[in-house]
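Residue numbers for the sequence shown follow this note's numbering, beginning at 2 and rising by one.
The C-beta atom is built at its ideal place from N, Cα and C for all residues, glycine as well.
Data first, discussion second: the structure below is written as structure tokens.
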Amino acid sequence: KDFFIFSDFGSGQYLELQEKLKNPFMILDHHLPQGIGNKEEKSQIEDIYKKTYRWHLNPYFYEFDGSSEISGSGMSYFFSKCLNEENLDLSIIALIGANGDIQNKGENKSFTGLNSIILEDAKKSNLIEIVNDINLSLIKPLNQALAYSSEINLPGLSGDKNKTLKFIKRLGILIEKSDGSIKALMDLNQEEKQKLTSALIEYVSIKSNIEPNEIINKLIINRYLLKNEKFGSDLHDINEFSNLLNACGRTNNASIGIAIAMGDKKNAYSQAQKKLEDYKKMLVKALSWIKEEGKIKESEYIQYFFGEDVIPENIIGTVSSMLIFNESEHIKKNKPIFGYAKRKDENVYKISARAHDSIIKRGVNLSEAIREALNLSDLDVLGGGHPPAAGTKVPINKIQEFLKNCNKIIGNQLN
Numbered sequence: 002k003d004f005f006i007f008s009d010f011g012s013g014q015y016l017e018l019q020e021k022l023k024n025p026f027m028i029l030d031h032h033l034p035q036g037i038g039n040k041e042e043k044s045q046i047e048d049i050y051k052k053t054y055r056w057h058l059n060p061y062f063y064e065f066d067g068s069s070e071i072s073g074s075g076m077s078y079f080f081s082k083c084l085n086e087e088n089l090d091l092s093i094i095a096l097i098g099a100n101g102d103i104q105n106k107g108e109n110k111s112f113t114g115l116n117s118i119i120l121e122d123a124k125k126s127n128l129i130e131i132v133n134d135i136n137l138s139l140i141k142p143l144n145q146a147l148a149y150s151s152e153i154n155l156p157g158l159s160g161d162k163n164k165t166l167k168f169i170k171r172l173g174i175l176i177e178k179s180d181g182s183i184k185a186l187m188d189l190n191q192e193e194k195q196k197l198t199s200a201l202i203e204y205v206s207i208k209s210n211i212e213p214n215e216i217i218n219k220l221i222i223n224r225y226l227l228k229n230e231k232f233g234s235d236l237h238d239i240n241e242f243s244n245l246l247n248a249c250g251r252t253n254n255a256s257i258g259i260a261i262a263m264g265d266k267k268n269a270y271s272q273a274q275k276k277l278e279d280y281k282k283m284l285v286k287a288l289s290w291i292k293e294e295g296k297i298k299e300s301e302y303i304q305y306f307f308g309e310d311v312i313p314e315n316i317i318g319t320v321s322s323m324l325i326f327n328e329s330e331h332i333k334k335n336k337p338i339f340g341y342a343k344r345k346d347e348n349v350y351k352i353s354a355r356a357h358d359s360i361i362k363r364g365v366n367l368s369e370a371i372r373e374a375l376n377l378s379d380l381d382v383l384g385g386g387h388p389p390a391a392g393t394k395v396p397i398n399k400i401q402e403f404l405k406n407c408n409k410i411i412g413n414q415l416n
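Next comes the structure, spelled out in structure tokens:
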């Protein structure tokens, strides 16, 4: 019989897999196991471990947090390392996956927990270099990187690449190349980077009334560069590499992303760059539509939007993430956001929920909330994920009841 490996999936469905799948299988997942609302339910997690450990590998069994300390790719990496110690070269793929799951949440965007062990493997294998750098895209034109940064909010400048270009020029930085194109961050020398850093700290401090130390902590990050990749390419910085692979998946071209991860840096890479441009256009269109048409609706404790015929199911999660995690003035950070889009050929909505760190610290757990809301809505549907990011699918005729129950449960969590 064929042997199945469920990677980045399966823990939330292990009972159904155990009951219905006749083939032998293994689960390598980092999500909370089925029936578990949060990581504090240690005795229940231990019970699941005892029943399933022969074929089910999950970080929560060993008191590691799957939402921040290891991703699905990391779980697969440790499995591959057990098969063959020479698989250390796969450590960089695991880190790219962790970056894609926004798990570089330690100081200066460092990795923690099991991800830090994977990073040590990559360093020992001389595959990765860590540099202190400005928290901007390494390869985008600098004025665009500043204007559209999801990390740095510049009141009066953010969202306007012409204004950010003037801001840079006023610093005395020669921003244009000999061919007339705009330099990227990677083109600046150390002196120019220092000028830019000082100016950004001063500007944000004055405009946003934020202490310089707080700005520095967000502005200066660890950048992870892959030593065997071409300087300035989409594959050199693990953040750009992650964006490229994500674009392949979100545009239904997963095979191209897999080929790149396996080493195809020619044909697959050029195809992926085209998919990345397509993906960016989809996101810009989606975000502009939401903002211009005022599509965000609010309840007392949640906010939500319907993608209609503009935002398809394959990017509803990304759009929800960008709205809640990016520096957006028209989205409230004190309420989780629920995006939903109709699934193709099904009479259901795909739900993607996201919550900002500030309310996770106050007790919001979206994985738990979605499971409870499904139960209150009398829906026998699987759902869950992590405290800041979770999802499910809901019949079209049940969406309002489901959202009403989500609002009630989030209110209970906050209060």
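*Between the Cα of T113 and the Cα atoms of N223, G264 and A356, which residue gives the shortest distance?*
N223
_Whole angstroms are fine: how far does the CA of I410 sit from the CA of K184?_
49 angstroms
_Tell me the residue span of the alpha helix (DSSP H) that contains L375._
From DSSP, the alpha helix (DSSP H) with L375 extends over L367 to L377.
*Measure the C-alpha to C-alpha separation of N398 and N348 and round it to an integer number of angstroms.*
9 angstroms
*Apart from the five residues on each side of it in sequence, which residues of its chain come closer than 8 angstroms, Cβ to Cβ, to T198?*
Correct list, in chain order: I135, L220 and I221.
*Around the C-beta of M76, are 16 or more other C-beta atoms found within 10 angstroms, so that it is buried, or is it exposed?*
Within a 10 Å sphere around the beta-carbon of M76 sit 16 or more other beta-carbons, which makes this residue buried.
_4 or more residues per run - each alpha helix (DSSP H) lying fully within the region 222 to 277_ = 239 to 251 and 255 to 262
*Do A99 and Y78 have their C-beta atoms closer together than 7 angstroms?*
no
*R355 classed as buried or exposed, judged by whether at least 16 other C-beta atoms fall within 10 angstroms*: Per the 10 Å Cβ criterion, buried.
*If you run the structure through DSSP and keep just helix, strand and coil, what is F7?*
DSSP places F7 in the strand class (E or B) of the three-state scheme.
*Within the chosen definition, does the region 389 to 397 reach the region 361 to 372 through at least 3 CB pairs nearer than 8 angstroms?*
Because the criterion of three Cβ pairs below 8 angstroms is met, the region 389 to 397 and the region 361 to 372 touch.
*Under the rule that 16 or more other beta-carbon atoms within 10 Å means buried, what is H57, buried or exposed?*
buried
*asked:* Relative to the C-alpha of S322, which candidate in R363, H357 and R344 has its C-alpha closest?
replied: H357
*Which residues DSSP lists as bridging G181, in chain order*: According to DSSP, which records beta bridges pairwise, G181 is partnered with nothing at all.
*Check whether the region 123 to 133 touches the region 211 to 218, taking contact to mean three or more Cβ pairs, one atom from each stretch, closer than 8 angstroms.*
no
*Does the beta-carbon distance from L89 to S81 come in below 7 angstroms?*
no
*Which listed residue (I303, V285, D235 and E309) has its alpha carbon closest to that of Y270*: D235
*Report all residues from its chain with a CB closer than 8 angstroms to the CB of L29; omit the five preceding and five following residues, and keep chain order.*
I6, F7, S8, D9, G11, L58, G73, M76, S77 and F80
_Exposure label - E299; buried when at least 16 CB within 10 Å_ = exposed
*asked:* I need the boundaries of the beta strand (DSSP E) containing E130, first residue and last residue.
replied: That run of the beta strand (DSSP E) goes I129 to I135.
*G340 and V320 look like a contact to me (Cβ under 8 angstroms); what is the Cβ gap, rounded to whole Å?*
Contact between G340 and V320 holds, since their C-beta atoms are separated by about 6 angstroms, short of 8 angstroms.
*asked:* Rounding to the nearest angstrom, what Cα-Cα distance links K292 and A342 in this structure?
replied: Spanning the two alpha carbons is a distance of roughly 17 angstroms.
_Per DSSP, what are the beta-bridge partners of I338 in this structure?_
Q304 and R355
*Could you pull out every residue in the same chain whose Cβ sits closer than 8 angstroms to the Cβ of L18, ignoring the five residues on either side in sequence?*
Here the set comprises F7, G11, F26 and I28.
*Could you spell out the range, first to last residue, of the alpha helix (DSSP H) harbouring I140?*
Segment: none, I140 is in no alpha helix (DSSP H) and carries neither H nor E.
*Does the distance from the CB of K162 to the CB of Q145 come in under 7 angstroms?*
yes
*Apart from the five residues just before and just after L246, which ones in its own chain have a Cβ nearer than 6 angstroms to its Cβ?*
G258
_Looking only at its chain, what residues have a beta carbon closer than 8 angstroms to the beta carbon of S182, apart from the 5 residues adjacent to it on each side?_
So the list reads P142, once near-sequence residues are dropped.
*Under a three-way DSSP split, which group does V395 fall into?*
strand
*So what's G73 in DSSP terms, helix, strand or just coil?*
helix
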